[in-house]
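Written as structure tokens, this is what we have:
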């Protein structure tokens, strides 16, 4: 009985929230809608710039940049594709981001579970606060030594980056996860335990599935971070073939900084993958991030 | 009720991971709960070792090197607090701190003002609400470095032509040592608003609608409602947003590379950029590690002070 009741708790919570916004019967504020529409141009205009410039030939570049291309050319994309070795760069980025997300979800949730269920014990409480202190340590303080360390350990590559994202995300993720895990009724686990489940089984079969919404939040935050990060790959990766998308833009810009049209095609190609995913998963991404903040 | 009281608490947990010895009895409820299954340690310890190895150890190594004259290669000696003394007399370092704090403070204020306003707009009854939310969140999913190159083009090529009447923009703001920081703030705000807005919307949705209904019956204006209800009730979100923004923008780096790369001269060199350059390319490994240690202390102090001031305001309500 208790099991089924508590299982529905998270579900009712989201349903209630949706109703609160859905039942809004106030009149549409058209003035405000117009204001917001104008404001949204601040986001859309830079994107517009990227698209039209990427479609132009160099001799169409004169002017403010607002002008539409007179003759659309896709040659820029072909050039950018080759110059940045796009397939490999994309693959590198994807491997790092996916690896970081998977490893983060599996390990960080586990650490949080052990901490949340043993908060009353000195050891676990100590671990909790120890990990949290990392929230306040700026990256530059570890930047120089960690580069030496990863080089020494031979993980100055994608594997190392995956590990670093997993470890550096731990403090924030433990913070998000533990608050949520503590709201999961302990009776659920005890029911499983009386049926003979071990702690591992309880975690994988009872707790981990219940973490769904938090996993979504943590997954999104980690993915966006690992995908777009620039400084960490810049200092860690030693092999140019391991280059990620932001790094490729950086190197590319240094070598061809006058070739604007090709550069813009390259920028657009670097932005496109996550932007495309976002366009399709937009509602889900936003609600996921919001859920993480409400805890 | 008594029958539904979890029997599992009374009976010893048949947990395979329970450390052997003494678990047989289990008559005392305290003892059963008090025992930590070994699995919990397996869940934490490997991650903890990795965390210590890749986060704490580098931090400690950094602090150690700050007392040496290590150049990043070759031999080194311990030189005491020499680096610290030199640091506080180094104009370039002081300028980097001035620049970084200027950008961080202005960006934090602007991001929070804009995103709070935007969150209020997006939470009001407007048409296409979720579509607009979707648009304003776009900057968050884009790489700031890549967007920065697009902004670089806009600042360097488009604005001079559009605002050819305004000397500041006509002459390319990025090449102006006094005003290039403004471009960096613009890009920072452009991206930062996205995330803060979502956090504020989340905060606004925790406020019960009834409060607004009651206050509008009492004849409160929209402005009054904001100061009397909305702002106090999202106090915690305001605190978090302010502290996180400040901490993030004190680490400004990705924005600077595409826009000015630290220039003109060193006028837009942030602390992070200086540590990166001096540490990796300038043979100042130990010296810039010292800079990083000081920077750590500064960031912690700033965060603590912010928390104290902002939370006091929360309590006052």
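Chains as they are written, first to last, in full-length UniProt numbering: chain A, 1 to 295; chain B, 1 to 317.
We put the beta carbon where it would ideally sit given N, CA and C, even for glycine.
Given residue i as reference, the closest of the options once Cα atoms are compared
i, options, result
"residue 223 (chain A)", "B:162, B:167 and B:143", "B:143"
"residue 121 (chain B)", "A:40, A:36, A:65 and A:51", "A:36"
"residue 52 (chain B)", "A:130, A:266 and A:262", "A:130"
"residue 202 (chain B)", "B:165, B:240, B:224 and B:102", "B:240"
"residue 140 (chain A)", "B:313, B:294 and B:314", "B:294"
"residue 61 (chain B)", "A:63, A:145 and A:104", "A:145"
"residue 61 (chain A)", "B:180, B:290, B:256 and B:161", "B:161"
"residue 258 (chain B)", "A:117, A:190, A:253 and A:283", "A:253"
"residue 143 (chain A)", "B:303, B:73, B:75 and B:280", "B:280"
"residue 77 (chain B)", "B:50, B:89 and B:64", "B:64"
"residue 153 (chain B)", "A:88, A:94 and A:53", "A:53"
"residue 32 (chain A)", "B:45, B:56 and B:132", "B:132"
"residue 287 (chain B)", "B:83, B:54 and B:39", "B:83"
"residue 218 (chain A)", "A:170, A:43 and A:49", "A:170"
"residue 150 (chain B)", "A:287, A:285, A:286 and A:270", "A:270"
"residue 304 (chain B)", "B:243, B:268 and B:66", "B:243"
"residue 148 (chain B)", "A:276, A:262, A:272 and A:46", "A:46"
"residue 92 (chain B)", "B:268, B:299, B:301 and B:298", "B:268"
"residue 300 (chain B)", "A:231, A:137, A:185 and A:156", "A:137"
"residue 138 (chain B)", "B:302, B:181, B:192 and B:114", "B:192"
"residue 209 (chain A)", "A:110, A:58 and A:227", "A:110"
"residue 75 (chain A)", "A:127, A:274, A:263 and A:156", "A:263"
"residue 73 (chain A)", "A:58, A:157 and A:66", "A:58"
"residue 208 (chain B)", "B:159, B:127, B:179 and B:233", "B:233"
"residue 186 (chain A)", "A:251, A:232, A:154 and A:113", "A:113"
"residue 166 (chain A)", "A:179, A:117, A:96 and A:205", "A:96"
CA-to-CA distance, residue j to residue i, given in whole angstroms
i, j, result
"residue 23 (chain B)", "residue 203 (chain A)", "Confidence in residue 23 (chain B) is poor, its pLDDT being 41 and thus under 50, which makes the residue's placement unreliable; the coordinate value appears in the next sentence. Each residue's Cα considered, the two are about 22 Å apart."
"residue 241 (chain A)", "residue 82 (chain A)", "14 Å"
"residue 106 (chain A)", "residue 296 (chain B)", "30 Å"
"residue 28 (chain B)", "residue 36 (chain B)", "Residue placement at residue 28 (chain B) is flagged as unreliable, the pLDDT there being 40, under the threshold of 50; a coordinate-derived value is accordingly withheld."
"residue 171 (chain B)", "residue 265 (chain A)", "27 Å"
"residue 164 (chain B)", "residue 157 (chain B)", "11 Å"
"residue 132 (chain A)", "residue 194 (chain A)", "34 Å"
"residue 96 (chain B)", "residue 228 (chain B)", "40 Å"
"residue 284 (chain B)", "residue 247 (chain A)", "24 Å"
"residue 230 (chain B)", "residue 310 (chain B)", "16 Å"
"residue 63 (chain A)", "residue 77 (chain A)", "22 Å"
"residue 109 (chain B)", "residue 41 (chain A)", "22 Å"
"residue 155 (chain B)", "residue 174 (chain B)", "7 Å"
"residue 215 (chain A)", "residue 260 (chain A)", "40 Å"
"residue 123 (chain A)", "residue 103 (chain A)", "24 Å"
"residue 168 (chain A)", "residue 123 (chain B)", "33 Å"
"residue 292 (chain A)", "residue 56 (chain A)", "42 Å"
"residue 281 (chain A)", "residue 172 (chain A)", "23 Å"
"residue 18 (chain B)", "residue 39 (chain B)", "Residue confidence is low: residue 18 (chain B) scores 44 on pLDDT, short of 50, so the model does not pin down where it sits. Its coordinate-derived value is still stated next. Taking the straight line joining both Cα atoms gives about 8 Å."
"residue 199 (chain A)", "residue 213 (chain A)", "22 Å"
"residue 120 (chain A)", "residue 196 (chain A)", "24 Å"
"residue 341 (chain B)", "residue 283 (chain A)", "The displayed coordinates of chain B run from 1 to 317. Any statement about residue 341 (chain B) would go beyond what the structure contains."
"residue 181 (chain A)", "residue 189 (chain A)", "12 Å"
"residue 282 (chain B)", "residue 71 (chain B)", "8 Å"
"residue 245 (chain B)", "residue 89 (chain A)", "31 Å"
"residue 252 (chain B)", "residue 224 (chain B)", "36 Å"
"residue 228 (chain A)", "residue 235 (chain A)", "15 Å"
"residue 276 (chain A)", "residue 244 (chain A)", "18 Å"
"residue 117 (chain B)", "residue 29 (chain A)", "15 Å"
"residue 272 (chain A)", "residue 51 (chain A)", "11 Å"
C-beta atoms of residue i and residue j nearer than 8 Å
i, j, result
"residue 297 (chain A)", "residue 289 (chain A)", "The structure shown does not extend to residue 297 (chain A), since chain A is modelled only from 1 through 295, so no value can be given for it."
"residue 266 (chain B)", "residue 87 (chain B)", "no"
"residue 313 (chain B)", "residue 219 (chain B)", "no"
"residue 306 (chain A)", "residue 278 (chain A)", "Summary: the structure shown does not reach residue 306 (chain A), with chain A confined to residues 1 through 295, and so no result is reported for it."
"residue 185 (chain B)", "residue 107 (chain B)", "yes"
"residue 27 (chain A)", "residue 247 (chain B)", "no"
"residue 140 (chain B)", "residue 195 (chain B)", "yes"
"residue 100 (chain A)", "residue 238 (chain A)", "no"
"residue 43 (chain A)", "residue 135 (chain B)", "yes"
"residue 115 (chain A)", "residue 127 (chain A)", "yes"
"residue 134 (chain A)", "residue 55 (chain B)", "yes"
"residue 254 (chain B)", "residue 49 (chain A)", "no"
"residue 81 (chain B)", "residue 69 (chain B)", "no"
Near the ligand GDP: residue i beta-carbon under 7 Å from a heavy atom
i, result
"residue 230 (chain B)", "By its list of ligands, the structure shown contains no ligand whatsoever, and the ligand GDP lies outside what it can speak to."
For residue i, the residue or residues it bridges with in DSSP
i, result
"residue 68 (chain B)", "B:78"
Are the stretch 161-170 of chain A and the stretch 271-288 of chain B touching by the rule of at least three beta carbon pairs closer than 8 Å? no
Should the stretch 101-121 of chain B be regarded as contacting the stretch 210-220 of chain B, the criterion being three or more beta carbon pairs within less than 8 Å? no
Listed from N- to C-terminal order along the chain, which residues in the stretch 140-165 of chain B have their beta-carbon within a distance smaller than 8 Å of any beta-carbon of chain E? The chain inventory of the structure shown lacks chain E, comprising the protein chains A and B.
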